[in-house]
Amino acid sequence: MTTTAITDIACLVTNDPSLGDGSPLGLIRDAAVVIDGDRIVWAGESNRAPAADKAVDAGGRAMIPGFVDSHSHLVFAGDRTQEFNARMSGRPYSAGGIRTTVAATRAASDDELSANVARYLAEALRQGTTTCETKSGYGLTVEDEARALRIAARHTDEVTFLGAHIVSPDYADDPAGYVDLVTGPMLDACAPHARWIDVFCERGAFDGDQARAVLTAGIAKGLHPRVHANQLGHGPGVQLAVELDAASADHCTHLTDADVDALGQGDTVATLLPGAEFSTRAVWPDARRLLDAGATVALSTDCNPGSSFTSSMPFCIALAVRDMGMTPDEAVRAATAGGAAALRRTDIGRIAPGARADLLLLDAPSHVHLAYRPGVPLADAVWQRGARVA
120 MTTTAITDIA CLVTNDPSLG DGSPLGLIRD AAVVIDGDRI VWAGESNRAP AADKAVDAGG
180 RAMIPGFVDS HSHLVFAGDR TQEFNARMSG RPYSAGGIRT TVAATRAASD DELSANVARY
240 LAEALRQGTT TCETKSGYGL TVEDEARALR IAARHTDEVT FLGAHIVSPD YADDPAGYVD
300 LVTGPMLDAC APHARWIDVF CERGAFDGDQ ARAVLTAGIA KGLHPRVHAN QLGHGPGVQL
360 AVELDAASAD HCTHLTDADV DALGQGDTVA TLLPGAEFST RAVWPDARRL LDAGATVALS
420 TDCNPGSSFT SSMPFCIALA VRDMGMTPDE AVRAATAGGA AALRRTDIGR IAPGARADLL
480 LLDAPSHVHL AYRPGVPLAD AVWQRGARVA
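With this note's numbering as the guide, the letters of the sequence shown map in order to residues 120 to 509.
Below, the structure written as structure tokens:
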């Protein structure tokens, strides 16, 4: 292997307090990082860096771990421009929402869907996202859901079965029958292609009993649970997620004190998706309340064609700082280490010996610029698995 030392880093975010200033970000000033193959083998102050075969001068810029986007919906076709335009113009719109995307996705070829996934992942990578989870959920038949997962697995290891996104239009008059399909033949076909199982536990989608049936069936098949919870109103999603030791409860917009306490005391990560609130003009989640309760918080894009059509983690960081009560430090940690926790990964989201060499060099002297300069492309260089990719 050829070792590479990246030197003259003005401010290094390690997310490892033992390596830096003792803060949660583990900040190191005037830092260096040494990569060997796809792993980090050293991180610390530049004047203590070991010799390496190659050197890269960071030029006094800041470096953070690659972003970990733990919630996206990338296997889809079509877009919903008219829906967004109507919503932002104050006009009613009834073209079908998710059902519109389901129809377009079913009609698309495998090659078209795979090209779309690759396009959005490349778009995210250019902005510093080096790990991305993505879901099915726009097929809603046994064949289409399994197809979506096979396509997703070509592009990422973090694949989630979301057959329980909404009740399929084919079962509009028989939601119980659709739950039986999801927990039976659809799960049998999809489980081999996924790591995770998810359910949209919400009024108008799946209630608490239905969500429990979906998740427990997935657990029995070896899938790990995560939950779309409490986005549109108060409901059982967060409590169910904590009870079943789900890796994350995602959205967490409408929370009772009991929900906040449960997240603060358990291992389930509260994943916040500010792009959805931005694109729907909904109430913002209160990140401050969760953080003060001791909950682990992640930030993610929720990239999807209907309610959050962004792949930009920097944009989500800026929204979280501006409108959700997070400090810049907290938001950067949530977009890196928080996302890793939401995927139950310890090899990403940090810059420390043994971690995967996923790095983002910013065209800025501090990570704070991600919130300080919203909308400005700050990714100067990106390394994924030790290879410079952007």
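From the three backbone atoms N, C-alpha and C, an ideal C-beta is built for every residue, glycine too.
Are there 16 or more other CB atoms within 10 angstroms of the CB of residue i, so buried, or fewer, so exposed?
| i | result |
| --- | --- |
| S142 | exposed |
| P484 | exposed |
| T375 | exposed |
| S213 | Here the model assigns S213 a pLDDT of 48, short of 50, so the residue's position is not dependable and the matter cannot be decided. |
| V495 | exposed |
| H192 | buried |
| G352 | exposed |
| A241 | exposed |
| V451 | buried |
| P447 | buried |
| V301 | buried |
| K254 | buried |
| T200 | exposed |
| P136 | exposed |
| A291 | exposed |
| M207 | exposed |
| S228 | exposed |
| T420 | buried |
| Q350 | buried |
| D188 | buried |
| V314 | The sequence given here has Arg at residue 314, not Val. Flag for R314 reads buried. |
| A459 | buried |
| A506 | exposed |
| T133 | buried |
Looking at the secondary structure, which residues open and close the beta strand (DSSP E) in which residue i lies?
| i | result |
| --- | --- |
| F186 | F186 to D188 |
| L60 | Outside the modelled stretch of the chain, which goes from 120 to 509, sits residue 60, for which no answer is possible. |
| A439 | That residue, A439, is in no beta strand (DSSP E); its alpha helix (DSSP H) goes M432 to D442. |
| L481 | L478 to L481 |
Indicate the three-state DSSP secondary structure (helix, strand or coil) for residue i in the structure shown.
| i | result |
| --- | --- |
| T375 | coil |
| D380 | helix |
| S213 | Its pLDDT being 48, under 50, S213 is placed unreliably by the model, and the measurement read from it follows with that caveat. In the structure shown, S213 sits in coil (DSSP, three-state: anything other than H, G, I, E or B). |
| S485 | coil |
| R475 | strand |
| M120 | coil |
| A171 | coil |
| A330 | helix |
| A196 | coil |
| L497 | coil |
| A365 | coil |
| G385 | coil |
What does DSSP give as the partner residue(s) for residue i in the beta ladder?
| i | result |
| --- | --- |
| V152 | I125 and A162 |
| P370 | Reading off the sequence, residue 370 comes out as His, not Pro. Beta-bridge pairing links H370 to A348. |
| C130 | R148 and A181 |
| R507 | W502 |
| R492 | Paired residue(s): none; R492 is not in a bridge. |
| W315 | T279 and H343 |
| D176 | T126 |
| R400 | Its beta-bridge partners do not exist; DSSP assigns none. |
| S191 | C422 |
| S427 | N423 |
Could you check where the alpha helix (DSSP H) with residue i kicks off and where it finishes?
| i | result |
| --- | --- |
| V416 | Not the alpha helix (DSSP H): V416 falls in the beta strand (DSSP E), residues V416 to L418. |
| R322 | Premise fails: R322 is in no alpha helix (DSSP H) and is neither H nor E. |
| F203 | T200 to M207 |
| L306 | L306 to C309 |
| G468 | Looking at the DSSP string, G468 is not in any alpha helix (DSSP H), and its letter there is neither H nor E. |
| P143 | Element bounds for P143: n/a, residue is neither H nor E. |
| P510 | Because the chain here runs from 120 to 509, residue 510 falls outside it and cannot be looked at. |
| V361 | G356 to E362 |
| D65 | Shown here, the chain extends from 120 to 509; a query on residue 65 therefore has no answer. |
| G458 | G458 to A461 |
| D411 | A406 to D411 |
Legend entry - Continuous alpha helix (DSSP H) assignments of at least 4 residues falling wholly in the segment 217–298: You should have 217–226, 229–245 and 261–272.
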